[in-house]
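S.K.: Before I ask anything, here is the structure I am working with.
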Amino acid sequence: MIQKNLRSYAILSLVVALVSACGNPAQDPAAQLAALKDQKAQIEQQIAELEKQVAPPAPRIRTVGLEELKPESFRHYIDLQGKVDAEESVMATAKMPGSLQKVYVKNGDVVKKGQLLAEVDASVLRKNMAELEGQLATATDIYNRQKGLWDQKIGTEVALIQAKTAKESLERSIETLKEQMNMTRIYAPTAGTVDMVLLKQGQAIAPGMPLCNIMNLSNLKIVGNVTEAYTAKVKKGDLVQVYFPDMDKEISTRVSFVSKTINPTTRTFSVECALKGSGYRANQVAVMKIIDYQNSKAIVVPVNLIQVAQDGDFVLVAEKSEGNKATVKKVNIKQGQNYGGFVEILDGLKPGDWIVSTGFQDVNTGEVVAF
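Add 275 to a position in the sequence shown, counting from 1, and you land on the number used in my numbering.
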């Protein structure tokens, strides 16, 4: 109605101007035409400005980003920190008490099984050995004399038996002492690399006390602890991705061992993975990711696109229409597992659906949007 009145006003103004111009016969027709055109342009400009002020604004169509859903691979990982360890790691321990007289190895030395590593002071045992050997020489001489007499039918059998018993007793004592002296030597229980020498020359050592640790670095493994919540999910043969931060290196391996015992203090159980190749060091940090679930044809959406309402979780989906226009609708979903900011959708979405990926915070269900 307002626009109609404005146009009527403009026509009336033109008529008045035309009549006024026609009422002045002395004026040049060309000049009259130019004046009327000028007035017409001014009036049309005024009409346009007034229409902008009184006409309702055209609805603004929001622009959003869309993403088409396609089946893709989805994996869920159990994250834990492990370390590199040797399959064979043995402590070389002492069997006799005393002070270390000599230590023949240092950290990093490669040793063979049975190689002499250190010696405990055996000076007292050697002194005892010298005394026993002197006594044995005397006892042997007495026995030989008694035996000679006995062979000549001189002397008694009792004297011969006593001499023989004394000789054999000393021989047994010497053998025992030799074994004890041998126990003062500490030998390598296995072949490998000396990892840690714990004692130095002159320090005291006792039976069972470790001198050093020997590791076989040719056969390594990765060890980690998993919380007991995943007891039923981790099994031998599971695929594991391992990252070594100090080497900036990632490898794939598999679980080779799963402990059947849960640590009562930490409520965790240990797992081990085989480690092939060279360049690794014992106790090296290894970030482990055990794959406990995977789906090669999953529907996956970013977790930040999922919204929550009273009737459940939902995402906004766009139904395309003409051109670059689409209508937004709300679709309830059922979530599966999530990892790394992405969620597997078990129900509600299908391949080919277009989800609103950007600008979804500003649009409502049923709204027409551009993309």
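For glycine and all other residues, C-beta sits at the position ideal for the given N, C-alpha and C.
Taking three-plus beta-carbon pairs below 8 Å as touching, is the region 425-440 in contact with the region 380-400?
M.R.: No, the region 425-440 is not in contact with the region 380-400.
S.K.: For residue 500, I'd like the list of residues in its chain whose CB is within less than 6 Å of its CB, leaving aside the five on either flank, ordered along the chain.
M.R.: Counting only Cβ-Cβ distances below 6 Å, and skipping sequence neighbours, we find 543 and 545.
S.K.: What does a CB cutoff of less than 7 Å around residue 484 pick up in its chain, not counting 5 residues either side in sequence?
M.R.: Only 368 and 369 meet the Cβ criterion.
S.K.: Do three or more CB pairs link the region 630-642 to the region 595-607 at distances below 8 Å?
M.R.: Yes, the region 630-642 touches the region 595-607.
S.K.: What are the boundary residues of the beta strand (DSSP E) that residue 625 is part of?
M.R.: Neither: residue 625 is in no beta strand (DSSP E) and is coded neither H nor E.
S.K.: Would you check if the region 404-417 and the region 377-393 touch, i.e. whether three or more CB-CB distances between them fall below 8 Å?
M.R.: No, the region 377-393 is not in contact with the region 404-417.
S.K.: Counting only the same chain and skipping the five closest in sequence on each side, list residues whose C-beta sits under 6 Å from that of residue 353.
M.R.: Excluding positions up to five away in sequence, the list reads 505, 565 and 567.
S.K.: So for residue 307, helix, strand or coil by DSSP?
M.R.: The answer is helix: DSSP assigns residue 307 an H, G or I state.
S.K.: Give me the Cα-Cα distance between residue 458 and residue 402, rounded to the nearest whole angstrom.
M.R.: Answer to the nearest angstrom: the Cα atoms are 16 Å apart.
S.K.: Quick one, which of 452, 594 and 615 has its alpha-carbon nearest residue 606's?
M.R.: When only C-alpha atoms are compared, the closest one is 594.
S.K.: Which residue marks the beginning of the beta strand (DSSP E) containing residue 568, and which one marks its end?
M.R.: Run containing residue 568: 560-573, per the beta strand (DSSP E) assignment.
S.K.: Just mark residue 416 as buried or exposed, buried being the case when its beta carbon has 16 or more other beta carbons within 10 Å.
M.R.: The residue in question, residue 416, is exposed, as its Cβ has fewer than 16 Cβ neighbours within 10 Å.
S.K.: Measuring CA to CA, which of 466, 511 and 325 is closest to residue 535?
M.R.: Checked all of 466, 511 and 325; the closest Cα to residue 535 is 511.
S.K.: Excluding the 5 residues preceding and the 5 following residue 363 in the sequence, name in chain order all residues of the same chain whose CB lies nearer than 8 Å to its CB.
M.R.: Excluding positions up to five away in sequence, the list reads 465, 467, 490, 491 and 494.
S.K.: To the nearest angstrom, report how far apart residue 589 and residue 622 are at their CA atoms.
M.R.: Taking the straight line from one Cα to the other gives about 11 Å.
S.K.: For residue 423, does the three-state DSSP call read helix, strand or coil?
M.R.: Three-state DSSP puts residue 423 in a helix.
S.K.: Rounding to the nearest angstrom, what Cα-Cα distance links residue 311 and residue 341 in this structure?
M.R.: Whole-angstrom Cα-Cα distance: 54 Å.
S.K.: On the CB-based measure, 16 or more other CB atoms within 10 Å of its CB, does residue 488 come out buried or exposed?
M.R.: Classification of residue 488: buried, given that the 10 Å Cβ count is 16 or more.
S.K.: What does a CB cutoff of less than 6 Å around residue 631 pick up in its chain, not counting 5 residues either side in sequence?
M.R.: Taken in chain order, the residues that qualify are 339, 591 and 593.
S.K.: Measure the Cβ-Cβ separation of residue 319 and residue 629 and say whether it is below 8 Å.
M.R.: Cβ atoms of residue 319 and residue 629: not closer than 8 Å.
S.K.: How far does the alpha helix (DSSP H) with residue 434 in it reach, from first residue to last?
M.R.: Residues 432-458.
S.K.: Can you give the Cα-Cα distance for residue 587 and residue 634, rounded to whole angstroms?
M.R.: Taking the straight line joining both Cα atoms gives about 21 Å.
S.K.: Got a sec? Which residues, its chain only, sit under 7 Å from residue 477 by beta carbon, not counting five neighbours each side?
M.R.: Around residue 477: 374 and 375.
S.K.: Name, in chain order, the residues that DSSP records as bridge partners for residue 338.
M.R.: Beta-bridge pairing links residue 338 to 645.
S.K.: In angstroms with no decimal places, state the Cα-to-Cα distance between residue 418 and residue 392.
M.R.: Roughly 41 Å between the two C-alpha positions.
S.K.: Which residues does DSSP list as the beta-bridge partners of residue 402?
M.R.: DSSP lists no partner for residue 402.
S.K.: What's the call for residue 647, buried or exposed, on a 16-neighbour Cβ count within 10 Å?
M.R.: The shown model of the chain, from 276 to 646, leaves out residue 647, and the question about it has no answer.
S.K.: Cα separation between residue 387 and residue 453?
M.R.: Cα to Cα, residue 387 sits roughly 24 Å from residue 453.
S.K.: When DSSP builds the beta bridges, which residues end up paired with residue 394?
M.R.: Residue 394 pairs with 377 and 460.
S.K.: Residue 505 by DSSP, collapsed to three states: which one?
M.R.: Three-state DSSP puts residue 505 in a helix.
S.K.: Would residue 471 be called buried (16 or more neighbouring beta carbons within 10 Å of its own) or exposed?
M.R.: It counts as exposed.
S.K.: To which residues of the same chain is residue 537 closer than 6 Å at the C-beta, ignoring the five residues directly before and after it?
M.R.: 503 and 544.
S.K.: What are the partner residues of residue 526, as DSSP defines its beta bridges?
M.R.: Answer is 517, bridged to residue 526.
S.K.: Alpha carbon to alpha carbon, what distance is there between residue 315 and residue 300?
M.R.: The predicted position of residue 300 is uncertain, since its pLDDT is 48 and thus under 50; a value taken from the coordinates is nonetheless stated next. If you take the alpha carbons of residue 300 and residue 315, they lie about 21 Å apart.
S.K.: Quick one, are the C-beta atoms of residue 498 and residue 357 less than 8 Å apart?
M.R.: Yes, the pair counts as a contact, with Cβ atoms nearer than the cut-off.
S.K.: What is the DSSP secondary structure of residue 597, counted as helix, strand or coil?
M.R.: Of the three classes helix, strand and coil, the one that applies to residue 597 here is coil, per DSSP.
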